Each structure stands twice: as C-alpha cells, then as structure tokens.
C-alpha cells in the first residue's frame, strides 16, 4: 500500500507501462503505510489492563491523522467485568501514550502459553475485494468433530446467506469478506453448567438458560483467526454447534448454529460489535426470568406484552394469564427459545392492581430435553398514537430503561433488531451508523491503474461495488467522481471512471475524488463518504 493522504484512505496505484512517470508529490503530513494494533482487556473495577495481542496492519482508519496519531478503534463490554478495547496507532509511542491514559492502573502482557490446535481448514464464503481494503468477518466453529466438517460449512453458508444475501447486512455487503474456518473438536456440541466440553474453543453455557454462551479458550480463537491471512480478521466470531438460542458480544461475537434463532442472535450481536451501540431493549442486562405483579394508573390507551420462553414445543405447554384470563398463545413447535407478543391497541389497563401469571401446562415429554423455562418478560403501557408513534418508519427519541431505572433513548419503537430481536432489519439510524463505521476503515477506491493507449495515458478507477456496481441496486445511490489537476477540477472528466489524456496534459499533480451519495446516510459531518487518491501517470507517446 502506498502512502496515504491525511485522514483519507488511499489504495495502491499500479503502473502498467515502463516509460517515464510523473509522480504526485506526497503531502508532508502523510501517514505511514503500517500501523500498530493493540487489543486489551480493561478491568472495570480496577482499571488495570491485560494486553491480549499486538500486531501490525496496513489497514488504516480515517480518524487517524498527524494530530490524532492513535485512536480507540473498538470498545465494548466483555464478560467477567472486563471491557474489550482495541487501539490503532501510527507508531508504538502513540499506542503506548493512549494505553497509559486508558489504563491508569497499568497494563501488563497476558501470560501466554503455547497454543496447540489441529490444522484449520479455511474457506471464503463472500469475496468482495482485497482484505487490505475490506472488513473481514471470520466464522469459527466450536464443537464440530472431524465427521461434522461438512455440517460446519453448511451451517456457516446458511448463516452467511441469511445475514448478507437477503438480510440485515445486505445493503452493506460490498464492505465485507466472510470466511469460515473449521478446526476439529474432540467432542460434539458445547458445555453446560459452566463446564466446557473437549472442544477447540471451549464454549459453554453458564447454566441451563438459553442465553449467554462463553469462551474458555480465547487464546486459541485469537490464533486460529489469523489463519485467514494478513488484515483478514477484523471481526472474529465463534459459532457453537448447538441447536438452541444463545450468544454473546465482546472480543468475539458468539452465536449458535440454531436453524430457528442462530441468525437472529448473530445479527444482533454483530450490531453491537460493528455499530457500537448498546441494548435498546429494557432490562437488557438481566440474566434471570421473573413474574410480574403491577399497578396501573389507568391513564394509558394501549399495552404490549413480550415474553421469551424455551422448551415449550407443544400446544398448552405454556399458559399465560392476565388478571386470571388466559391469553391466546401458539407454540413455535420446537424446543428453542422464542419470542411471543400480545398487543392491545384498543384499550389500556384499568386503574389499580393487576397480575400476570405463567403456568406450565404439563411437564416436558423427555427428561433429556431443555428445561421448560420462562426466560424474560417485558410489559409496556403506551399513550395514544398522537402521544407515542407505533409506525415502524417513524424516527424519534423513544425511552429505554435499565433495571436500575436509568433512561436512555433509541430511534424507533419496535422496528430495529437492536430493540426487537425478532425483527430482520436495522432501523434507519442504525443503518446509517453501520455504513459510516464500516466506511471509516476502508476507501471507496480499491485502485487506480494507468496504462498507455497509443500516445494517450489512460487511468482507470477500481471502486467498491456500490451504486451501479451493486448486484442489487439501492435506489438513489450514485458515485460522484471528480478528477483534479494541480488542485483544480477538470470538469470535462467529471463522472468518468476511466479517462484518457495526452502526453502534455499529464504533466502536473493529479488526483481523483470519489464520493458516494446514498439514501442510507443522511448526515456526514466528518466527510466519511468521500475518498481521495493520488494518480501516478504513465507518460506515453514519448
């Protein structure tokens, strides 16, 4: 990769001819071609940090500049009272300075032991361009034996298709490469009750509830992820060979291969990881079920009850009663954890005390089946449509409450999968955030190649497959292309991805600006939607 201009990502320039070249003088403020990447765990109680990994990368971030030589590129809550932080910097000194600020109690390298694992088998499921200018997601399976290798790749292809081909990440597909990495486990499945099986990454459930899935061998996952090659492990993901709901965010995005809820969990956790947003559902950090007794003021006109339950695969295995009256409920037909909703738009609760009761109709048919469990309950009262908008397209400031009563805001009522995990889509605000967060790490320009055609010098842009290059077009999306010579736009070349100029005209400093106009992004105060590239011409016809 050639030197980059300040802030703006620049891809490499390939010169096909061997004649005399006119070079664009680099800016005095150019960034280096190699960057330092440091990942660490910060203990939330002590502010002491453990350094997990340090490596070099050629993939910059647009937030880096001579004035900002190091940034926090990723930061999110991990399990066991830790926070996962990734630092990107232009030099070891800049990374050390930022680490000292983030870790006032000190930072020490994690004590590493020799990591041994069977040789991995790597397949690329989505290839949209070079890893040096793409976002690489790596899906690594846990609890798949050698005999289940084909099952693993089938599961990963299914999850990938559901996420990117026609799912929540379809509109940002051109940013991504997706890899599947198989490493043999000695036992099939994952552990329960806090005890891992003999699997390559040691995934386990803390208890019996279908929710959190935790890694016991993160050092192995870090090593295996590097099997995809340089710059190709941006978002590592561990997928449990398990048919039921479960997952986790943090250093690794963790999910399961469940046919019913695997994609549902994975896209939600990737939303946390990539957009860097918190939970939009109420009480999102609670890890235990509960039953409600509540008091209503009688001032509201509508209500919405949502529950999740597992092991309720047959009719009447779960009974839900509101003030003694049984609510209609339909089983999903399987043992996995599922969401159920009751919405009353006609009337609210009367003033006074109310009860919400949950009963088991009869015990599970098999003692080996997952326990019949009520996993979560939320109940909301709402004002009229004039006071509170249910419309999925309405954007506003909707309150979200933690268990401690702390209030934050989300942009939509129930349309976003970060709020309603059964929704297949992000809301427009999360879509915009996702697009901008990804574009910070890549350039819209993959390359500018130059060749000779007779006495003409030809320059051709190679762009990320957005706008008219998309396989599935987004209405209203377009590239705006401007070529510059000596700092001034050459208007006759506007909009062209390939240009030809004479031998005299190439003399000077040339560059090209590419901006994407897309309905996905409404506001771009930092200029993320534009990439700039210098041009190294071939002097032809001499």
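Residue numbers (the working numbering): 398 to 939.
Beta carbons are placed, not taken as given, at the ideal position from N, Cα and C, and that holds for glycine.
Since the model is a prediction, treat every value here as computed from it, not as a measurement.
Fill in: Beta-carbon proximity of residue 536 to residue 575, cut-off 8 Å
On the chain shown, residue 536 is found 139 positions in, with the first residue counted as 1. On the chain shown, residue 575 is found 178 positions in, with the first residue counted as 1. It is a contact, given that the beta carbons lie within the stated cut-off.
Item to complete: Whole angstroms is fine: what's the gap from residue 853's alpha carbon to residue 893's?
Response: Here residue 853 is taken as the residue at index 456 of the chain shown, counted from 1. Here residue 893 is taken as the residue at index 496 of the chain shown, counted from 1. One C-alpha to the other measures close to 16 Å.
Worksheet entry | Between the CA atoms of residue 933 and residue 630 - distance to the nearest angstrom | Locating residue 630 in the chain shown gives position 233, where the first residue counts as 1. Locating residue 933 in the chain shown gives position 536, where the first residue counts as 1. Going by the C-alpha atoms only, they are around 31 Å apart.
Practice prompt. Assuming residue 442 contacts residue 477 (C-beta within less than 8 Å), just tell me the rounded distance between them.
Written response: By one-based count along the chain shown, residue 442 stands at place 45. By one-based count along the chain shown, residue 477 stands at place 80. That pair is no contact at about 11 Å.
Worksheet item: Buried or exposed: residue 481, going by 16 or more other Cβ atoms within 10 Å of its Cβ?
Response: As a position in the chain shown, residue 481 is number 84, starting the count at 1. When all chains shown are included, residue 481 counts as buried.
Worksheet item: Cα separation between residue 920 and residue 826?
Response: Taking the chain shown and counting its residues from 1, the one referred to as residue 920 is at position 523. Taking the chain shown and counting its residues from 1, the one referred to as residue 826 is at position 429. Rounded to the nearest angstrom, the two C-alpha atoms are 10 Å apart.
Worksheet item: Exposed or buried, residue 794, counting other C-beta atoms within 10 Å across all chains shown (16 or more means buried)?
Response: Position 397 of the chain shown, counted from the first residue, corresponds to residue 794. When all chains shown are included, residue 794 counts as exposed.
Practice prompt. Please report the residue range of the beta strand (DSSP E) in which residue 749 lies.
Written response: Taking the chain shown and counting its residues from 1, the one referred to as residue 749 is at position 352. It spans 749-757 - the beta strand (DSSP E) in which residue 749 sits, taken as one unbroken run.
Worksheet entry | Between the CA atoms of residue 824 and residue 563 - distance to the nearest angstrom | In the chain shown, residue 563 corresponds to position 166, counting from 1. In the chain shown, residue 824 corresponds to position 427, counting from 1. Roughly 16 Å separates the two Cα atoms.
Discussion item. Quick check on DSSP: helix, strand or coil for residue 683?
Written reply: Walking along the chain shown from the start, residue 683 turns up at place 286. Confidence at residue 683 is low in this model, with a pLDDT of 39, below 50, so its placement is unreliable and the value that follows should be read with caution. The answer is coil: DSSP assigns residue 683 none of H, G, I, E or B.
Discussion item. Going by C-alpha to C-alpha distance, which of 662, 498 and 753 sits closest to residue 560?
Written reply: Within the chain shown, the letter at position 163 stands for residue 560. Among 662, 498 and 753, the Cα nearest to that of residue 560 is on 662.
Fill in: Sequence-distant residues of its chain with Cβ nearer than 6 Å to residue 496 (five each side left out)
Numbered from its first residue, the chain shown carries residue 496 at position 99. For residue 496, where only same-chain residues beyond five positions count, the Cβ hits under 6 Å are 504.
Worksheet item: Between which two residues does the beta strand (DSSP E) containing residue 881 stretch?
Response: As a working note, residue 881 is residue 484 in the chain shown. 875-882 is the span of the beta strand (DSSP E), which, as asked, contains residue 881.
Worksheet entry | Cβ-based burial, residue 940 [other Cβ within 10 Å; buried from 16] | The structure shown has nothing for residue 940, since the chain only spans 398 to 939.
Practice prompt. Taking 8 Å as the cut-off, decide whether the C-beta atoms of residue 632 and residue 534 are in contact.
Written response: Locating residue 632 in the chain shown gives position 235, counting from the first residue. Locating residue 534 in the chain shown gives position 137, counting from the first residue. A contact, by the Cβ cut-off of 8 Å.
Worksheet entry | chain D within 8 Å of residue 692, Cβ atoms only | Absent from the structure: chain D. Only one protein chain is present.
Discussion item. Can you list, in chain order, the residues of its chain with a C-beta nearer than 6 Å to that of residue 863? Leave out the 5 residues immediately preceding and following it.
Written reply: To locate residue 863, count along the chain shown from 1; it is residue 466. Here the set comprises 571 and 913.
Discussion item. Whole angstroms are fine: how far does the CA of residue 596 sit from the CA of residue 707?
Written reply: Your numbering for residue 707 matches position 310 in the chain shown. Your numbering for residue 596 matches position 199 in the chain shown. Taking the straight line joining both Cα atoms gives about 25 Å.
Worksheet entry | Status (buried if at least 16 other CB within 10 Å, exposed otherwise) for residue 594 | For the purposes of this step, residue 594 is taken as the residue at position 197 of the chain shown. Flag for residue 594 reads buried.
Discussion item. Using the three-state DSSP reduction, which class does residue 888 fall into: helix, strand or coil?
Written reply: For the purposes of this step, residue 888 is taken as the residue at position 491 of the chain shown. Residue 888 falls in the helix class under three-state DSSP.
Worksheet item: What is the DSSP secondary structure of residue 562, reduced to helix, strand or coil?
Response: Taking the first residue of the chain shown as 1, we reach residue 562 at position 165. Correct three-state label for residue 562: helix.
Fill in: Length-filtered (4 minimum) alpha helix (DSSP H) runs lying within the region 468-510
489-499
Worksheet item: Thinking just about the alpha-carbon of each residue, which of 882, 607, 509 and 469 is nearest to the one in residue 768?
Response: Against the chain shown, residue 768 aligns to sequence position 371. Of the candidates 882, 607, 509 and 469, the one whose C-alpha sits nearest the C-alpha of residue 768 is 607.
Worksheet item: Just the Cα atoms here: how many angstroms apart are residue 886 and residue 876?
Response: As a position in the chain shown, residue 886 is number 489, starting the count at 1. As a position in the chain shown, residue 876 is number 479, starting the count at 1. For residue 886 and residue 876, the distance between alpha carbons rounds to 16 Å.
Discussion item. Can you list, in chain order, the residues of its chain with a C-beta nearer than 7 Å to that of residue 507? Leave out the 5 residues immediately preceding and following it.
Written reply: On the chain shown, position 110 is the one that residue 507 refers to. The residues are 447, 448 and 449.
Worksheet item: Ordered along the chain, which non-local residues of its own chain (more than five positions away) have a Cβ less than 8 Å from that of residue 819?
Response: Residue mapping note: residue 819 aligns to position 422 of the chain shown, counting from 1. Closer than 8 Å at Cβ, skipping near neighbours: 661 and 736.
Practice prompt. For the beta strand (DSSP E) containing residue 432, list its first residue and its last residue.
Written response: Numbered from 1 along the chain shown, position 35 holds the residue referred to as residue 432. Start and end: 432-440.
Item to complete: Can you have a look at residue 865 and say buried or exposed, based on whether 16 or more other CB atoms are within 10 angstroms of its CB?
Response: If you number the chain shown from 1, residue 865 lands on position 468. Result: exposed.
Practice prompt. Quick one: using the 10 Å Cβ neighbour count with 16 as the cut-off for buried, is residue 668 buried or exposed?
Written response: Start at 1 with the first residue of the chain shown, and residue 668 comes out as number 271. By the neighbour-count rule (16 or more Cβ atoms within 10 Å), residue 668 is buried.
Discussion item. Using 8 Å for Cβ pairs, my map puts residue 648 next to residue 475. What's the rounded Cβ distance?
Written reply: Indexing the chain shown from 1 puts residue 648 at position 251. Indexing the chain shown from 1 puts residue 475 at position 78. About 6 Å separates the two Cβ atoms, so the contact holds.
Worksheet item: Which residue comes first and which comes last in the beta strand (DSSP E) that contains residue 450?
Response: To locate residue 450, count along the chain shown from 1; it is residue 53. Looking at the DSSP string, the run of the beta strand (DSSP E) that includes residue 450 is 446-454.
Worksheet item: Using CA coordinates, which residue listed in 547, 907 and 501 is at the minimum distance from residue 855?
Response: Mapped onto the chain shown, residue 855 falls at position 458. Among 547, 907 and 501, the Cα nearest to that of residue 855 is on 907.
Worksheet item: In the DSSP assignment, what residue or residues form a beta bridge with residue 610?
Response: To locate residue 610, count along the chain shown from 1; it is residue 213. 602, per the DSSP bridge assignment.
Fill in: In DSSP terms, what residue 796 is bridged to
As a working note, residue 796 is residue 399 in the chain shown. Answer is 806.
Fill in: Given residue 815 as reference, the closest of 830, 801 and 803 once Cα atoms are compared
Residue mapping note: residue 815 aligns to position 418 of the chain shown, counting from 1. Answer by Cα proximity: 830.
Fill in: Entirely enclosed beta strand (DSSP E) segments - the region 806-850, minimum 3 residues
842-850
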